[in-house]
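K.L.:
Chains as they are written, first to last, in my numbering: chain F, 36 to 239; chain S, 36 to 239. All residues carry an ideal CB built from backbone N, CA and C; glycine is no exception. The model shown is predicted, which means the values in this text are computed figures rather than measured ones. Here it is, the structure, as structure tokens.
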DNA sequence: AAAATAGTTGACTATTTGGTCCACTTTGAT
DNA sequence: ATCAAAGTGGACCAAATAGTCAACTATTTT
């Protein structure tokens with residue numbers, strides 16, 4: 036089968052880091068190659084373009100994230116607990132990245148999706164799909180919470196869209212302001228938004 | 036006083052459009068000059084760099100937006116009405132841009148801020164400041180609403196952060212998915228998030 | 001061991017890009 | 001009318017960038 040190599044994986048890792056820490060537009064193929072320790076010839080042996088690499092890199096990463104989310108959103112966990120656990124998870128991820136890179140970086144998919152929304156069609160499509168899948172986790176937790184009578188959410192899909200927008204907004208604000216504390220509001224915001232019973236304002 | 040020119044303004048307009056329609060990283064100085072109908076020599080006569088131009092362009096635009104927001108958030112308007120009016124305004128702006136450019140483009144500041152968060156310090160600072168100012172409109176409407184007894188929000192700053200994150204999340208989703216309808220949820224989301232009385236779920 | 005497969009390398013090209021320079025032109029003020 | 005300030009044009013440069021290619025090397029299969 037000829038010689039084997041992990042250059043492909045190194046390239047995917049490199050582009051992920053560079054885009055997340057900087058931006059898609061500001062990362063060059065030369066930079067990616069240097070970070071991955073791979074020559075340009077090899078880059079073009081594996082990929083056709085930066086966009087092509089980005090798609091592969093995102094897919095690979097999503098595979099990993101998905102299993103983490105599967106366990107965070109396990110139906111064995113009470114639905115509101117799942118959301119709380121997800122908030123904690125996001126906080127932990129950002130805290131980790133900050134201690135490693137010195138910056139809060141937010142959600143790589145959301146930032147990238149926003150950046151290239153009018154360019155790179157293939158990449159954009161993939162990002163949309165993955166974000167849609169992520170929203171499903173929230174939707175199902177919300178539906179279960181409604182079924183359990185913990186919240187009132189007759190339209191779980193709509194609620195999930197709202198909650199998802201809020202989460203992504205928070206993460207992006209955390210990136211823009213480089214402030215981890217911003218994410219500290221996530222759980223409270225979730226409860227407010229869903230009107231979780233027991234934490235509601237005292238009715239007037 | 037020598038000759039006068041609007042080349043400076045044309046450059047600011049051009050960079051705003053290019054960044055909004057594409058991204059900061061993908062717009063080049065040559066492109067900006069071409070769109071503005073200005074030669075590079077003149078560009079560098081007025082500005083030191085792309086980042087320098089971007090700061091000026093943002094400031095200029097913010098001056099205009101601010102007066103619009105001032106009237107949308109006039110204290111003479113009932114607070115919840117202000118928020119509803121703002122949602123409508125956002126929708127109109129996006130609908131307009133879509134019919135002009137063919138795409139929903141979201142909030143230029145938020146997208147830009149997310150893109151360059153780890154680069155271009157001066158620009159980033161300015162974006163943070165303006166976003167902070169925008170949040171103040173929400174904060175004051177929320178405070179007034181609380182005072183009027185229309186909502187329960189003992190910490191208006193916190194509520195404003197939550198609502199702002201939600202709005203920005205929605206706008207960015209609208210950009211990412213190029214879907215205007217996403218913004219149709221804004222008013223409902225606002226009411227849910229603030230627990231506006233009269234639209235609350237029936238208590239169990 | 002040979003052959004086929006898989007991956008590497010670095011030198012190379014063409015283009016784009018940011019940035020400079022300065023002679024030139026237009027305009028308002030005197 | 002003239003002079004200085006304000007702005008323009010475009011040639012020019014160096015560096016960065018995307019992308020190509022053919023010769024080379026390492027590994028597995030037969």
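Closest to residue 73 of chain S by C-alpha separation, out of S:200, S:180, S:48 and S:145, would be which residue?
P.N.:
Working through the second chain from its first residue, we reach residue 73 of chain S at position 38. When each option's Cα is compared against that of residue 73 of chain S, the closest is S:48.
K.L.:
Is there at least one Cβ from chain S nearer than 8 Å to residue 66 of chain F's Cβ?
P.N.:
Indexing the first chain from 1 puts residue 66 of chain F at position 31. Residue 66 of chain F does not count as touching chain S.
K.L.:
Using only alpha-carbon positions, find the residue among S:202, S:191 and S:194 that is nearest to residue 196 of chain F.
P.N.:
For this step, residue 196 of chain F is matched to residue 161 along the first chain. Comparing alpha-carbon positions, the option among S:202, S:191 and S:194 lying closest to residue 196 of chain F turns out to be S:202.
K.L.:
Starting from residue 123 of chain S and walking both ways along the alpha helix (DSSP H), at which residues does that stretch end?
P.N.:
The count along the second chain starts at 1 and reaches residue 123 of chain S at position 88. 114 to 136 is the span of the alpha helix (DSSP H), which, as asked, contains residue 123 of chain S.
K.L.:
Within 8 Å of any Cβ in chain F, is that where the Cβ of residue 219 of chain S sits?
P.N.:
Counting from one through the second chain, the residue named residue 219 of chain S turns up at place 184. By this cut-off, residue 219 of chain S is not an interface position.
K.L.:
Run through chain S and tell me which residues come within less than 7 Å of residue 210 of chain F, C-beta to C-beta.
P.N.:
Here residue 210 of chain F refers to the residue found at position 175 of the first chain. Here the neighbours are 149 and 152.
K.L.:
Where residue 237 of chain S and residue 67 of chain S are concerned, what is the direct C-alpha to C-alpha distance, given to the nearest angstrom?
P.N.:
Counted from its first residue, the second chain places residue 237 of chain S at position 202. Counted from its first residue, the second chain places residue 67 of chain S at position 32. Per-residue confidence for residue 237 of chain S stands at a pLDDT of 49, beneath the threshold of 50, marking its modelled position as unreliable; the derived number appears in the next sentence. Approximately 55 Å between the Cα atoms of the pair.
K.L.:
Looking at the C-beta of residue 54 of chain S, does it have a partner C-beta in chain F at a distance below 8 Å?
P.N.:
Start at 1 with the first residue of the second chain, and residue 54 of chain S comes out as number 19. So no, residue 54 of chain S is outside the interface.
K.L.:
If you draw a straight line from the C-alpha of residue 229 of chain S to the C-alpha of residue 97 of chain F, how long is it?
P.N.:
Numbered from 1 along the second chain, position 194 holds the residue referred to as residue 229 of chain S. Numbered from 1 along the first chain, position 62 holds the residue referred to as residue 97 of chain F. One C-alpha to the other measures close to 34 Å.
K.L.:
Just the C-alpha distance for residue 62 of chain F and residue 42 of chain S, rounded to the nearest angstrom, thanks.
P.N.:
Here residue 62 of chain F refers to the residue found at position 27 of the first chain. Here residue 42 of chain S refers to the residue found at position 7 of the second chain. Approximately 31 Å, taken between the alpha carbons.
K.L.:
Report yes if the CB atom of residue 144 of chain S is closer than 8 Å to the CB atom of residue 166 of chain S, and no otherwise.
P.N.:
Locating residue 144 of chain S in the second chain gives position 109, counting from the first residue. Locating residue 166 of chain S in the second chain gives position 131, counting from the first residue. In contact: residue 144 of chain S and residue 166 of chain S (Cβ atoms closer than 8 Å).
K.L.:
Helix, strand or coil: which one does DSSP assign to residue 89 of chain F?
P.N.:
Taking the first chain and counting its residues from 1, the one referred to as residue 89 of chain F is at position 54. Residue 89 of chain F falls in the helix class under three-state DSSP.
K.L.:
Give me the Cα-Cα distance between residue 109 of chain S and residue 112 of chain F, rounded to the nearest whole angstrom.
P.N.:
The residue you call residue 109 of chain S lines up with position 74 of the second chain. The residue you call residue 112 of chain F lines up with position 77 of the first chain. Near 46 Å, if we compare the C-alpha coordinates of residue 112 of chain F and residue 109 of chain S.
K.L.:
In angstroms with no decimal places, state the Cα-to-Cα distance between residue 40 of chain S and residue 173 of chain S.
P.N.:
As a position in the second chain, residue 40 of chain S is number 5, starting the count at 1. As a position in the second chain, residue 173 of chain S is number 138, starting the count at 1. In this structure, the straight-line span from the alpha carbon of residue 40 of chain S to that of residue 173 of chain S is close to 38 Å.
K.L.:
I'd like to know whether the C-beta of residue 193 of chain S is nearer than 8 Å to at least one C-beta of chain F.
P.N.:
As a working note, residue 193 of chain S is residue 158 in the second chain. Closer than 8 Å to some Cβ of chain F, the Cβ of residue 193 of chain S qualifies, so yes.
K.L.:
Could you give the distance in angstroms between the alpha-carbon of residue 226 of chain S and the alpha-carbon of residue 215 of chain S?
P.N.:
The sequence position of residue 226 of chain S within the second chain is 191, counting from 1. The sequence position of residue 215 of chain S within the second chain is 180, counting from 1. Approximately 20 Å, taken between the alpha carbons.
K.L.:
Taking Cβ positions only, does residue 200 of chain S come closer than 8 Å to chain F?
P.N.:
Indexing the second chain from 1 puts residue 200 of chain S at position 165. Judged by the 8 Å Cβ criterion, residue 200 of chain S is in contact with chain F.
K.L.:
DSSP three-state call for residue 238 of chain S: helix, strand or coil?
P.N.:
For the purposes of this step, residue 238 of chain S is identified with residue 203 of the second chain, where counting begins at 1. Model confidence at residue 238 of chain S stands at a pLDDT of 46, short of 50, so the residue's coordinates are unreliable; what they give is reported in the following sentence. Looking at residue 238 of chain S - three-state DSSP - the assignment turns out to be coil, as it is neither helix nor strand.
K.L.:
Step through the CB atoms of chain F and report whether any lies within less than 8 Å of the CB of residue 20 of chain S.
P.N.:
Within the shown structure, residues of chain S are numbered from 36 to 239, placing residue 20 of chain S beyond reach of any answer.
K.L.:
Please list the residues of the stretch 84 to 101 of chain S that have a C-beta atom closer than 7 Å to any C-beta atom in chain F, keeping them in chain order.
P.N.:
none
K.L.:
Where does residue 154 of chain S fall in DSSP's three states?
P.N.:
Taking the first residue of the second chain as 1, we reach residue 154 of chain S at position 119. If DSSP states are grouped into helix, strand and coil, residue 154 of chain S belongs with coil.
K.L.:
Look up residue 81 of chain F in the DSSP assignment and say whether it is helix, strand or coil.
P.N.:
Against the first chain, residue 81 of chain F aligns to sequence position 46. It is helical.
K.L.:
Tell me the DSSP secondary structure of residue 231 of chain S in three-state form.
P.N.:
Residue numbering aside, residue 231 of chain S sits at position 196 when the second chain is read from its first letter. Coil, per DSSP.
K.L.:
Between the stretch 152 to 171 of chain F and chain S, which residues of the former have CB atoms less than 8 Å from a CB of the latter, in chain order?
P.N.:
Interface annotation for the stretch 152 to 171 of chain F against chain S: 152, 153, 154, 159, 162, 163 and 166, criterion Cβ-Cβ distance under 8 Å.
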